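Enquirer:
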Amino acid sequence: MNLPHATSGVIVQQQDGAFFLLDTEGGEVFRVNETAARIFELCQGGTSLDGAVASLALRLGAAGQEEAIRADVQRTVTQFQELGLCEPSRPV
47 MNLPHATSGV IVQQQDGAFF LLDTEGGEVF RVNETAARIF ELCQGGTSLD
97 GAVASLALRL GAAGQEEAIR ADVQRTVTQF QELGLCEPSR PV
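Be aware that the sequence shown starts at 47, since it is given in our numbering, and climbs by one per residue.
So, in structure tokens, the structure goes:
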């Protein structure tokens, strides 16, 4: 199963160590942590849920914690969908 696609017009920006999701069409700005920013970036590339979990586990040096990472990805993507930052149609 692939992650839902990011809504067009939403971009990730980093400024002074902080991460933001900018909805260029709706004018909203969301401050997120680095992990959420990375999850959002994975939504932009048609990444599978398993691929996202593996990528984050590697990036975070968290081998063996894939189930916790999977739950975090699912929760974060659901929040993105609720905020209109990702397509709402696909549950993760």
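All C-beta atoms, glycine included, are put in the ideal place defined by N, C-alpha and C. Since the structure is predicted, the reported quantities are computational estimates derived from the model, not experimental observations.
With a cut-off of 8 Å on the beta carbons, I'd call Ala98 and Val58 a contact; round off their distance for me.
Expert: One-based indexing of the sequence shown puts residue 98 at position 52. One-based indexing of the sequence shown puts residue 58 at position 12. About 15 Å separates the two Cβ atoms, so there is no contact after all.
Enquirer: Considering only C-alpha positions, which residue in the set Gln60, Ala117, Thr70, Gln90 is nearest to Asn79?
Expert: To locate residue 79, count along the sequence shown from 1; it is residue 33. Ranking Gln60, Ala117, Thr70, Gln90 by Cα distance to Asn79 puts Gln60 first.
Enquirer: Going by other Cβ atoms of all chains shown within 10 Å of its Cβ, with 16 needed for buried, is Thr53 buried or exposed?
Expert: Sequence index remark: in the sequence shown, residue 53 carries index 7 (1-based). Result: buried.
Enquirer: Can you give me the Cβ contacts of Asn48 inside the same chain, cut-off strictly under 6 Å, excluding the 5 residues immediately before and after it?
Expert: Here the question's residue 48 lines up with position 2 in the sequence shown. So the list reads Gly92, Ser94, once near-sequence residues are dropped.
Enquirer: Can you list, in chain order, the residues of its chain whose CB lies under 6 Å from that of Glu133, leaving out five sequence neighbours each side?
Expert: Along the sequence shown, one-based indexing puts residue 133 at 87. For Glu133, where only same-chain residues beyond five positions count, the Cβ hits under 6 Å are Pro50, His51.
Enquirer: State the Cα-Cα distance for the pair Leu88 and Ser101, rounded to the nearest angstrom.
Expert: One-based indexing of the sequence shown puts residue 88 at position 42. One-based indexing of the sequence shown puts residue 101 at position 55. Each residue's alpha carbon lies about 9 Å from the other.
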